[in-house]
Each structure stands twice: as C-alpha cells, then as structure tokens.
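Peer 1:
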Amino acid sequence: MDALELLIEQHDKVDDLIAQLEDDGLEPMKKATVFRELADNLAAHASMEEKLFYPAVRAKQTEEILLESTEEHLAIKRVLADLLETRLDDERFSAKLSVLKEEVEHHAREEEEDKLFPKVRQFFDKEELIALGSEMMALFQALMTTEPRKDVPGQTRKAARL
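Quick note: the sequence shown uses my numbering, first residue 40, plus one each step.
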C-alpha cells in the first residue's frame with residue numbers, strides 16, 4: 040500500500056469510529072472502547088505523519104501546505120486532549136466530538152483533495168510512495184502498541200516542527 044492510500048484508509052477509519060461514537064444507542068462500555076480506539080488512531084496517525092510523511096514530502100514544494108497541516112494537527116490534538124478529560128456521559132462530550140469531527144474532516148479533505156496529495160502525486164513515483172507507505176505502516180503499528188492517546192495532552196502547546 041502506498042503512503043497516500045494508507046493515509047486515506049486511516050482517515051476513513053477515523054471517520055467510521057466517529058460515526059460509531061455518534062450513535063446514541065451505543066452501550067457505555069462499547070463507547071469507551073471505541074473512543075480509546077479513536078484517540079489512539081488519531082494520535083498514532085498524527086505522529087506518523089509528522090515523523091515520516093511530512094518530512095519526506097517537505098522538500099517537494101509543499102512547505103506552506105505542511106505548515107497548515109501541522110497547525111490543523113495541533114487543533115485536533117487540543118480538542119482530543121479536551122475530550123480525553125471529558126467523561127463519556129458528560130453532556131458536552133457529543134458537542135466536543137462534533138468539533139473534533141469537523142476538524143478531522145477539514146484536515147482530511149484539504150490533504151486528500153485540495154492541496155497536499157495532488158502535489159505529492161506530481162513529485163513522487165509509485166515505488167517511492169510504496170516504500171514510504173511501508174515505513175509509515177511500520178511506525179503506525181509500533182505506535183499503536185503504546186496507547187498513543189496518553190501522549191496527546193503533552194503535545195498541545197505548539198505545532199510539530201517540520
């Protein structure tokens with residue numbers, strides 16, 4: 040799987056997890072499990088992008104786009120950190136989840152359709168994207184074994200460096 044396909048797959052997974060959490064009929068135990076999965080996926084995804092994908096594509100006339108992407112990650116991490124502090128049965132949880140959903144959808148849309156991915160496709164061949172995708176998947180899988188959501192509150196002061 041190439042890097043862009045991996046990112047799209049992960050964006051879709053996050054969308055699916057958010058949709059599950061929006062279901063009012065979700066049992067409390069299941070809701071807690073789905074929320075942890077969402078938080079871990081978002082945290083690992085952002086770390087993977089910031090550590091591997093963004094540095095790999097930075098030299099390809101994308102710095103301005105990447106600066107915006109890292110600021111979007113910061114906004115997402117701030118909302119996620121707030122959600123991690125909010126009880127699942129708190130009346131504000133759904134409102135905060137809606138804000139997170141809007142931030143995530145905006146970020147994914149801008150990357151996939153509007154700005155970053157089209158530019159990356161211009162400058163990288165398929166083999167390069169596959170190699171990068173393999174490296175990214177390995178890091179993502181390693182991060183997912185560490186409960187990456189627990190690191191999010193400490194990542195909300197400033198955007199990741201490019």
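Ideal Cβ positions, reconstructed from N, Cα and C, are used throughout, including at glycine. Just so it is clear, the structure is predicted and the values come from calculations on it, not from any experiment.
1) With a threshold of 6 Å on Cβ separation, who are the neighbours of residue 120 within its own chain once the five nearest residues in sequence on each side are excluded?
2) Among the residues of its own chain, which have a CB less than 6 Å from the CB of residue 96, if the five just before and after it don't count?
3) Using only alpha-carbon positions, find the residue among 84, 42, 69, 102 that is nearest to residue 182.
4) Helix, strand or coil: which one does DSSP assign to residue 126?
5) Our contact map puts residue 188 next to residue 123 with C-beta atoms below 8 Å; I'd like the distance itself, whole angstroms only.
6) Less than 8 Å between the CB atoms is what I'm expecting for residue 72 and residue 155, so what's the real figure, rounded?
7) For the alpha helix (DSSP H) that residue 91 lies in, which residues bound it at each end?
8) Measure the Cβ-Cβ separation of residue 43 and residue 139 and say whether it is below 8 Å.
9) Distance cutoff 8 Å, beta carbons only. Does residue 136 sit that close to anything in chain D?
10) Whole angstroms is fine: what's the gap from residue 172's alpha carbon to residue 179's?
Peer 2: According to the data block:
1) Taking the first residue of the sequence shown as 1, we reach residue 120 at position 81. Non-local C-beta neighbours of residue 120 in its own chain, meaning closer than 6 Å and more than five positions away in sequence, comprise 191, 192, 195, ordered along the chain.
2) Against the sequence shown, residue 96 aligns to sequence position 57. Closer than 6 Å at the Cβ level, and outside the excluded window around residue 96, lie 159.
3) As a position in the sequence shown, residue 182 is number 143, starting the count at 1. It is 84 whose Cα lies nearest to the Cα of residue 182.
4) On the sequence shown, residue 126 is found 87 positions in, with the first residue counted as 1. It is coil, neither helix nor strand.
5) Locating residue 188 in the sequence shown gives position 149, where the first residue counts as 1. Locating residue 123 in the sequence shown gives position 84, where the first residue counts as 1. So it is a contact: roughly 6 Å between Cβ atoms.
6) Within the sequence shown, the letter at position 33 stands for residue 72. Within the sequence shown, the letter at position 116 stands for residue 155. Residue 72 to residue 155, Cβ: 32 Å. No contact.
7) Counting from 1 along the sequence shown, the entry for residue 91 is found at position 52. That residue, residue 91, is in no alpha helix (DSSP H); it is neither H nor E in DSSP.
8) Position 4 of the sequence shown, counted from the start, is the residue given in the question as residue 43. Position 100 of the sequence shown, counted from the start, is the residue given in the question as residue 139. Taking 8 Å as the Cβ cut-off, residue 43 and residue 139 do not qualify as a contacting pair.
9) Note that chain D does not occur in the displayed structure, where there is just one protein chain.
10) As a position in the sequence shown, residue 172 is number 133, starting the count at 1. As a position in the sequence shown, residue 179 is number 140, starting the count at 1. Whole-angstrom Cα-Cα distance: 10 Å.
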